[in-house]
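Trainee: Residue numbers (my numbering): 3 to 281.
(1) Determine which residues share a DSSP beta bridge with residue 178 and list them.
(2) Count the other CB atoms, across all protein chains shown, that sit within 10 Å of the CB of residue 208; report buried if there are 16 or more and exposed otherwise.
(3) Within 10 angstroms of its Cβ, does residue 144 collect 16 or more other Cβ (buried), or is it exposed?
(4) Hey, is the region 29-40 in contact with the region 109-116, meaning 3+ C-beta pairs nearer than 8 Å?
(5) Let me make sure I understand the geometry here. Which of 46, 28, 66 and 89 has the alpha-carbon closest to that of residue 79?
(6) Short of 6 Å in beta carbon distance, which residues of its chain neighbour residue 128, apart from the five on each side in sequence? Order them along the chain.
(7) Give me whichever residues DSSP pairs with residue 130 in a beta bridge.
(8) By the DSSP assignment, the beta strand (DSSP E) with residue 89 in it spans what residues?
(9) Where does residue 171 land, buried or exposed, given buried means 16+ other C-beta within 10 angstroms?
(10) Leaving out five residues before and five after residue 67 in sequence, what residues of the same chain have Cβ atoms less than 8 Å from its Cβ?
(11) Looking only at its own chain, which residues have a Cβ that is under 8 Å from the Cβ of residue 239, when we skip the five neighbours before and after it?
(12) Could you check if residue 190 is buried or exposed, using at least 16 other CB atoms within 10 Å of its CB as the buried criterion?
(13) Could you pull the start and end residues of the beta strand (DSSP E) that residue 114 belongs to?
(14) Report the CB separation of residue 187 from residue 256 in whole angstroms; it is logged as a contact under 8 Å.
(15) Which term fits residue 175, buried or exposed, when burial requires 16 or more other beta carbons within 10 angstroms of its beta carbon?
(16) Give the straight-line distance between the Cα atoms of residue 270 and residue 86, rounded to the nearest whole angstrom.
(17) Take residue 72 and list the residues in its own chain whose beta-carbon comes closer than 6 Å to its own, dropping the five residues that flank it on each side.
(18) Which class does residue 22 belong to by DSSP, given the choice of helix, strand or coil?
(19) Please classify residue 170: does DSSP put it in a helix, a strand, or coil?
(20) What's the C-alpha gap between residue 236 and residue 223?
Set out below in structure tokens:
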């Protein structure tokens with residue numbers, strides 16, 4: 003899980019599989035699907051976070067099971083040895099969530115586009131509005147050679163469950179790092195989802211995910227700057243950390259920042275505050 007530049011992707015469009023993983027907070031009234039249909043990086047496929055999360059869970063954006071993930075990637079025509087590049091056009095940097103999910107289910111070659119669609123458009127790079135509406139639907143599987151069926155290898159220890167979070171409040175075996183805004187973390191703002199308490203999980207630390215992003219370029223800050231941000235927020239990246247947020251999306255922004263610092267895969271509390279903060 004690394005970063006690739008807009009320049010690199012523009013030179014390698016034909017050598018990679020590309021996902022547009024744009025997802026927006028409902029309050030923005032933006033549709034990732036509609037924006038993708040209007041304009042996207044040539045060859046990109048749209049990946050819908052809401053559609054491809056666990057629909058049986060009462061909490062948003064939980065990872066689906068491995069059987070669903072297998073069939074989903076197979077329906078997109080993805081093979082295990084493909085190099086997948088993920089980007090978004092979102093203020094919550096939702097590409098990081100798909101990057102984490104792909105790595106969690108064992109995909110080896112995964113990259114996020116540094117700067118995303120904002121930087122791509124700012125540099126006047128090529129776009130397309132051509133889509134294949136069948137790709138990404140399980141009915142499309144019938145058209146694919148079954149010998150190329152995708153195989154997953156799930157990294158179960160990269161995800162924490164609520165009981166592990168509750169236990170850690172007493173044992174402090176890891177530091178829980180919350181990516182939500184300072185106002186939400188400190189309980190000075192209402193949660194955007196209904197029936198949630200205000201505030202944070204006892205003992206957790208806070209690094210607002212936006213702090214990891216350079217506002218001018220929309221790219222991740224340099225490693226030295228990320229290290230400084232972790233230290234300023236009293237988070238020791240050399241010790242075990244678990245990342246969370248509202249629903250597991252921006253937690254993966256901190257997760258990627260952690261990876262850029264340590265070269266270690268992050269651990270995520272998948273239920274995040276949508277689960278823990280339930281009234």
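Virtual Cβ for every residue (Gly too), placed ideally from N, Cα, C.
Mentor: Quick answer:
(1) The residue given as residue 178 occupies position 176 in the chain shown. Paired residues: 244.
(2) Counting from one through the chain shown, the residue named residue 208 turns up at place 206. Looking at its Cβ environment, which holds 16 or more other Cβ atoms inside 10 Å, residue 208 is buried.
(3) The count along the chain shown starts at 1 and reaches residue 144 at position 142. Reliability of the predicted coordinates at residue 144 is poor, the pLDDT of 49 falling under 50, and no value is obtained from them.
(4) no
(5) Within the chain shown, residue 79 is the residue found at index 77, counting from 1. Ranking 46, 28, 66 and 89 by CA distance to the CA of residue 79 puts 46 first.
(6) As a position in the chain shown, residue 128 is number 126, starting the count at 1. Closer than 6 Å at Cβ, skipping near neighbours: 44.
(7) Position 128 of the chain shown, counted from the first residue, corresponds to residue 130. In DSSP, residue 130 forms a bridge with 42.
(8) Position 87 of the chain shown holds residue 89. Unbroken beta strand (DSSP E) run through residue 89: 86-89.
(9) For the purposes of this step, residue 171 is taken as residue 169 along the chain shown, with counting starting at 1. Exposed is the call here.
(10) Start at 1 with the first residue of the chain shown, and residue 67 comes out as number 65. So the qualifying residues of the chain are 56.
(11) The residue you call residue 239 lines up with position 237 of the chain shown. Excluding residues within five positions, the ones whose Cβ falls inside 8 Å are 229, 232, 260, 263 and 264.
(12) Along the chain shown, one-based indexing puts residue 190 at 188. Answer is exposed; the Cβ neighbour count stays below 16.
(13) Within the chain shown, numbered from 1, the residue matching residue 114 stands at position 112. Where residue 114 is concerned, the enclosing beta strand (DSSP E) stretches over 112-115.
(14) The residue given as residue 187 occupies position 185 in the chain shown. The residue given as residue 256 occupies position 254 in the chain shown. Not confirmed; about 13 Å, so no contact.
(15) Locating residue 175 in the chain shown gives position 173, counting from the first residue. Per the 10 Å Cβ criterion, exposed.
(16) Start at 1 with the first residue of the chain shown, and residue 270 comes out as number 268. Start at 1 with the first residue of the chain shown, and residue 86 comes out as number 84. When rounded, the distance between both Cα atoms is 21 Å.
(17) Numbered from its first residue, the chain shown carries residue 72 at position 70. Cβ contact annotation for residue 72 (same chain, cutoff 6 Å, sequence separation greater than five): 152 and 154, in chain order.
(18) Looking up residue 22 in the chain shown gives position 20. Here residue 22 sits in strand by DSSP.
(19) The sequence position of residue 170 within the chain shown is 168, counting from 1. Residue 170 falls in the helix class under three-state DSSP.
(20) Here residue 236 refers to the residue found at position 234 when the chain shown is read from its first residue. Here residue 223 refers to the residue found at position 221 when the chain shown is read from its first residue. Their backbone Cα atoms lie some 18 Å apart in a straight line.
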